[in-house]
Structure formats: C-alpha cells, structure tokens
Ligand SMILES: Nc1ncnc2c1ncn2[C@@H]1O[C@H](COP(=O)(O)OP(=O)(O)OP(=O)(O)O)[C@@H](O)[C@H]1O
Ligand SMILES: Nc1ncnc2c1ncn2[C@@H]1O[C@H](COP(=O)(O)OP(=O)(O)O)[C@@H](O)[C@H]1O
Ligand code: SF4
Ligand code: SF4
Ligand SMILES: [Mg+2]
Ligand SMILES: [Mg+2]
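Protein chains in written order, with my numbering: chain A, 3 to 346; chain B, -12 to 357.
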C-alpha cells in the first residue's frame, strides 16, 4: 500500500534479507513526580523493532509497559520526565515538541489501546472517525477520504463496511470497535503499530480474530508491531520476540521459542508457573511467589525482584545488568534458572 | 435438610451438616431471566434473552465452572440463583428449599449458606470501614456472637485467607492491593461457613502472580472447609484448574456440561471446541506456542437470538435442521450433556494431538538473532 504525500523519515540503509530496523530504543527512562515523590516507571529500556516483526512486551501491571510506549508517542502528561533515545530511522522521538510529534504520531507510529469504547468518539459515526484520521495526515478531498475509509474498514474485515460506516460506536460490538480503531491506526500507513493490551477486553473468540487480523495486516503491509500484553500465552503465540519487564526494566529478552524454551530469569519463571494451562489437572496448586511488585518511588540498589525471588542470594543486592549471556538471549540475573536443568 | 443457622450463636457449624448426601446442594431447573430494553420515553424496544431454560445440579463440596463469552448470561445466572434479581421463571432449590418466590427475609437467612465474591474487590468493600468490621458484618447479622467472639473469628478468617490479622485488621480497604482486597472479600464471604460460594470473575481483575495466590486460596478453602463453588470466569484454563465439572454457556443457554477433564479433552459441542481453539497455548517443554484458530463471524444479538440453535450463525457444522429445531441438552455419556444436533465425536486422543500439530507461529529460520 503506498500513500502519497507522506512526510519522509530518513531510513538507514538495509542489508538484503535482514528485516530492517525501524525503531531503536536506547536507555529510555521515565520518571513521574507525584505528590513530591519521584516514581521511576521506566529505568533504562533498550530494544529494536524490525519491519514485519512482532515484539511482545510482557509483565505485571505497573511494570512500565504502557508508560514506555507512551513515551515514544509523546503521550505522557507534563509530570513525566523522559530521557534516553528512541529513533525512528534517523529521527529522534524523545524531546520533540508536541507539534512535530503530532505529525509523527499516526504518520509513522500509531497506537491501539485496550478500551475501544473509550478510544472512540461516541458522537461520531465509525466512518467519520476514519475519514478524520485520514484527513489529519493527508491532503485529500472528502470523497477520496471516504473511499479510502471504506477500503480501510474492509481491510480490517469489519462486517458490512458500507453500512457500518454510518453506525455509531455504541451500535458496534467490542470486536467491531477494535477493528475500527485499527483502521484509524492504519489510516496513515505507519511503520510501527503499537497494540497496548488491544485484545485484553475482548472474548477469547474475538481476541483470536483480532490477533489474526493484526498478523495478516503485518504480513501484507510490512508494519512492525509492538504488542503489549500480560497474557503470556498470547505473546508466545504471535510474537517473534518477547521482552519481559519488571519494575521498569527489561529483565529477559529473546526470540519467543528461545525464551520460553529456556527461561532464565526467575521472574519470567514465576509468571509461567502462575498461569493455569488448559492441561493443568483440576485442583492442582499453582507455583506462586509471594509479595507485591516494588514501590517505584523507593527502588533500592539491587535486583528489584529480590524480595520475592526464590533464588535470591547476597549478590542480588547489586543490580544485574541485562546482558547477552547466551546467543540471542539477554537476561538480567545473578542466579539464572534452568542452567543445569535442576528444576522443571 | 439443613436448618438455616440463624441466631444459633455459632458460625463454625459446618454448612453441610444434616444434608442428605445424595440430594444435590443446588438444583436449578428451567431457569429463565429476561430483561426488557426501553428506548426514549420508556417505550419497550425489545427483550434480552439473558438466561433461557437453564438446568443443572451442584453437589456439596463440588466446583462447577461456568464459561462463555461476554453476554452469555453467566452473571445473570448467578444473580438469579442467589436471588439478587428474582428469576422470571424456573426453580432454584438450595439445600432442599425453593428460593424462587421465597420471602425476602428468608432469603437473607439463606445467604448465610450461599455467598458471592465479585470481580471488583474494592466495589464490594465499604472504603470507610475498618477491615475487621467489613469481615465481621455478616457475623453481626446472622449470629449472636459477642464482640469478643466476633473479634476472634475475624482473626481466624484473616489468617485463613493469608492476611496477618495484626497488620490488617485495623486498616481500611483502600490501603490494600487488589489481591489483598479480594482476600478480605473472601474472608467476609466465608465468615458464616457457607456451603456454596459463587465467584463471578473473582480473580479477573488481579495480576497473574496474585491470581495464582488467590486461586490457591480458593483451593485451600475448598479442601479445608468443604466449600462448593459456582466458579464463573471467561478464562478457560483457570476454570479447568478449579473445576470438577464445567458448564459452557452460549447466549443464555447451556451448550454443554460435563466433567472438566472429559469436556476439555473431548468437547462435544462445536462452540466448546471453538472456545478451546481460540485459547493460545504455550508448551512449556519446548517453548513453542499453538496459535489460536479463530471462529468466523460475530456473536449474535441476545435481543434477536437465531432460530433453532443459537450458535448456528457461527457454527461450521450447521445444517438446515439447526435453523428449525432447537437442540435440547441431552445425555452424551460419562456424565456429559450436550445441546447439539450434530455433536462432535468423542475423540480425546485426536484433540490432544492437535494442540501441537496446529502450531503456525513464526518459523525459526526466518528469525534473525537479537
Ligand atoms: N439489567 C439488565 N438490563 C438489560 N439487559 C441486561 C441486564 N443485565 C444483563 N443484561 C443482558 O443480559 C445478557 C447476559 O448478561 P450477563 O451480564 O449475564 O453476561 P455475562 O455472561 O456475565 O457476561 P460477562 O462475561 O461480560 O460478564 C447480556 O445481553 C446483557 O446485556
Ligand atoms: N501519569 C502518571 N503519573 C504518575 N505515575 C504514573 C503515571 N502513569 C503511570 N504511572 C506509574 O508508572 C508505573 C508504570 O505504569 P504502566 O506503564 O501503566 O504499567 P503497565 O502498562 O505495565 O501496567 C506505575 O507505577 C504507574 O502507577
Ligand atoms: S538477580 Fe537475584 S533476586 Fe534478581 S532474579 Fe536473579 S536471583 Fe532473583
Ligand atoms: S445444533 Fe447445529 S448449529 Fe447448533 S452447534 Fe450443533 S451443529 Fe452447530
Ligand atoms: Mg498498561
Ligand atoms: Mg458477567
């Protein structure tokens, strides 16, 4: 799909065959000041996102998943202090003013949120909202934009798109609303699509449909996707690579099968042990870790997981850095699990 | 028949005492709940068929899981059973007594033995009360315990749900995390030693690590107190984990009900199969996940359910007969009942294999290293 009149981003040269890196995030940090205290929501996050690939960011609520991507989009409130770098091609996203950020948002990076009902304008028809998104980014006539909107609604497989064009959000099911939001996000053909818990509010049946749609769009349009989820099974099923966050840091990061086939970080292990599987027998107890996620305004020196970690030792009083300890497998832990297959 | 322990002075007498061991604890028959929708000016615009002719039994100490998509009537069913909203028709026999039509005062007494835990732990706890008062409230209404006895019982209950009484009894709900608040709600629900606890999405709003803690707590209480649960959740794996039997609801009706293992291994209703196929499954041995196989089509409107089988607009097996005749819940062997004209074969082996065969994730060779 080519779009005319798109503001260009200087793309770095690409080695043939390798998926091109579209977004490079380096040492991203976000601190909020709240009631005189500093909340350290994101504490040095680095990753790359490539064309046609899906990166999943997983972790408990409050681990900084949403804040980290909102920082890229320039969508944080003024109380947020953001440092580090996020480069889309050669264009730096961090530290831009709102006006230039608004152009990048939608044009190059777009986002789909969890709550489709609240993300849509209840007083405008679905079609009008897609048209508006198109006209914000392109100089087109109303007619051209309307045609393109119907095309987009077809692309996201909204049933009966010509009729639904005129319907209002309350007349659509949750799944249909999410399709409209995806159509809006795709209006300007972004290089990166961020789906923040985009299917969390949906039924499993609808979730499977929406995920299938995202994967299909990504294959056809070459969009890079960052999917944020607390559902490990979902991330494992759709993402090419997975990054696990805890207390604002990446604690484990690898290609999906590498990561889940060789879990190293005890926190990732804890997450896996805590989710019931379809094959878990009735009344089986789950492996649990106690405690609560740490207070982000009082993060100490060491590994943020050590209060809850069954493998914690004295060394853990020093923060382990995220290192590539094995080919293609990064983790931050002094006592990684499963090295000698000592546990299952 | 169990007598209702109203004003007996003790809350620790088991809810199961005196029960005829063969009679079900809860017997629901032909339960119907409908809501009238109204447009501007209060004009009647339609009828929502929220629960249509639902029947099942639940025995003492048993957990029956209920799954189904949003709007399938799970919460409505729970509310009709506990009589928060009186059902339009049908019968609800609990411990041998009919609840539908029972006087409000008597229902209040019955609630000592049938309690509910909701999704939003904070919504069900008065934020201004101390935690000890929240937990003690049912004791005040249903027993004549002294202040001292109540305080001891609150300590016992907080211990039981894994909250240190010394630390938490004087606190207020808003100082708690979601998981802790849900523990308080559970402590309160079990204060009178009920025979049945209805959990409506009771862990859905919690984080996975906390969910696991609360699930284990439910399990512990079941084992120690002999509780029966009606466990409603949209997450199929969670329901499997806690349930002896599972009921699958679709648009107000039971599509299928049966022993959990049997139902998940060998679903007979195409809707159950579709639900299971929609769940992403990660094989922890290999790190490989099975990508869901989506069902096509949109769920039909409960205002205008399709004729015949309500699943037929999305069912890959539908035939002409499905539009004409409504399938009734019928015996499929092994304690398994299914409402379908053309049920799936019982093939546990094949479906277990398909979990792995269906993998369609990214190909390893196509993925560069990080
Ligand atoms: N008070 C009400 N007035 C009108 N319709 C209602 C009312 N309560 C429920 N309904 C409708 O009844 C149907 C069943 O709703 P119910 O809340 O029982 O579903 P559920 O299975 O619990 O869904 P969820 O998984 O979203 O909790 C839905 O169509 C719902 O919109
Ligand atoms: N506007 C804000 N002001 C202050 N703190 C915030 C704000 N937004 C998020 N936070 C805090 O940042 C942390 C990370 O939040 P978030 O990224 O939303 O988590 P996740 O998406 O992983 O659930 C949390 O502790 C949250 O309370
Ligand atoms: S560094 Fe220490 S505390 Fe942190 S996860 Fe590893 S073993 Fe546990
Ligand atoms: S009765 Fe017919 S439409 Fe309904 S589930 Fe069975 S095969 Fe499908
Ligand atoms: Mg979030
Ligand atoms: Mg409900």
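For each residue, glycine too, the CB sits at the ideal point set by N, CA and C.
Short Cβ contact (8 Å threshold) for residue i with residue j
i	j	result
residue 272 of chain A	residue 58 of chain A	no
residue 176 of chain B	residue 102 of chain B	yes
residue 11 of chain B	residue 51 of chain B	no
residue 118 of chain A	residue 176 of chain A	yes
residue 169 of chain B	residue 193 of chain B	yes
residue 241 of chain B	residue 19 of chain B	no
residue 365 of chain B	residue 232 of chain B	With chain B running from -12 to 357 in the structure shown, residue 365 of chain B is simply not present.
residue 297 of chain B	residue 238 of chain B	yes
residue 338 of chain A	residue 266 of chain A	yes
residue 257 of chain A	residue 330 of chain A	yes
residue 185 of chain B	residue 68 of chain B	yes
residue 306 of chain B	residue 295 of chain B	no
residue 155 of chain B	residue 144 of chain B	no
residue 78 of chain A	residue 95 of chain A	no
residue 262 of chain B	residue 223 of chain B	yes
residue 180 of chain A	residue 212 of chain A	yes
residue 248 of chain B	residue 235 of chain B	no
residue 226 of chain A	residue 52 of chain A	yes
Contact test: residue i Cβ vs ligand 3 heavy atom, cutoff 7 Å
i	result
residue 307 of chain A	yes
residue 116 of chain B	no
Any non-hydrogen atom of ligand 5 within 7 Å of residue i CB
i	result
residue 194 of chain B	no
residue 332 of chain B	no
residue 205 of chain A	no
residue 68 of chain A	yes
DSSP bridge partner residues for residue i (one or two, in chain order)
i	result
residue 23 of chain B	B:34
residue 245 of chain B	B:233
residue 45 of chain A	A:31
residue 105 of chain B	None, per the DSSP bridge assignment.
residue 240 of chain B	B:237
residue 205 of chain B	Paired residue(s): none; residue 205 of chain B is not in a bridge.
residue 331 of chain A	A:256 and A:328
Identity of the residue in the options nearest residue i by Cα
i	options	result
residue 314 of chain A	A:336, A:127, A:258 and A:143	A:336
residue 54 of chain B	A:221, A:207 and A:297	A:207
residue 192 of chain A	A:63, A:111 and A:139	A:111
residue 289 of chain B	B:326, B:127 and B:39	B:39
residue 200 of chain A	A:170, A:231 and A:214	A:231
residue 363 of chain B	B:76, B:135 and B:48	Nothing about residue 363 of chain B can be reported from this structure: the residues present for chain B run from -12 to 357 only.
residue 112 of chain B	B:80, B:62, B:171 and B:139	B:171
residue 99 of chain A	A:76, A:306, A:293 and A:323	A:76
residue 65 of chain B	B:265, B:300 and B:216	B:216
residue 148 of chain A	A:130, A:140, A:34 and A:138	A:130
residue 318 of chain B	B:310, B:330 and B:312	B:330
residue 229 of chain A	A:195, A:254, A:287 and A:203	A:195
residue 286 of chain A	B:283, B:313, B:199 and B:295	B:199
residue 50 of chain A	A:78, A:269, A:62 and A:91	A:91
residue 72 of chain B	B:88, B:28, B:141 and B:119	B:88
residue 35 of chain B	B:23, B:43, B:327 and B:28	B:23
residue 206 of chain B	B:21, B:48 and B:98	B:48
residue 264 of chain A	A:310, A:340 and A:320	A:340
residue 69 of chain A	A:294, A:115 and A:268	A:115
residue 108 of chain A	A:134, A:21 and A:210	A:134
residue 221 of chain B	B:14, B:123 and B:259	B:259
Check: residue i C-beta below 7 Å from any heavy atom of ligand 2
i	result
residue 145 of chain A	no
residue 194 of chain A	no
residue 34 of chain A	yes
residue 298 of chain A	yes
residue 43 of chain A	yes
Anticipated Cβ contact below 8 Å, residue i with residue j, distance rounded
i	j	result
residue 268 of chain B	residue 274 of chain A	With a Cβ gap of about 13 Å, residue 268 of chain B and residue 274 of chain A do not count as contacting.
residue 223 of chain A	residue 185 of chain A	The Cβ separation is near 13 Å, so there is no contact.
residue 275 of chain B	residue 259 of chain A	6 Å
residue 246 of chain A	residue 60 of chain A	6 Å
residue 307 of chain A	residue 248 of chain A	6 Å
residue 121 of chain B	residue 160 of chain B	7 Å
Residue i: CB within 7 Å of a non-hydrogen atom of ligand 1
i	result
residue 235 of chain B	no
Cβ-heavy atom distance, residue i to ligand 6, below 7 Å
i	result
residue 40 of chain B	no
residue 191 of chain B	no
residue 175 of chain A	no
* Asked: Which residues have a Cβ closer than 5 Å to any heavy atom of ligand 8, listed in chain order?
  -> Because ligand 8 does not appear in the structure shown, any question about it cannot be addressed here, the ligands present being ligand 1, ligand 2, ligand 3, ligand 4, ligand 5 and ligand 6.
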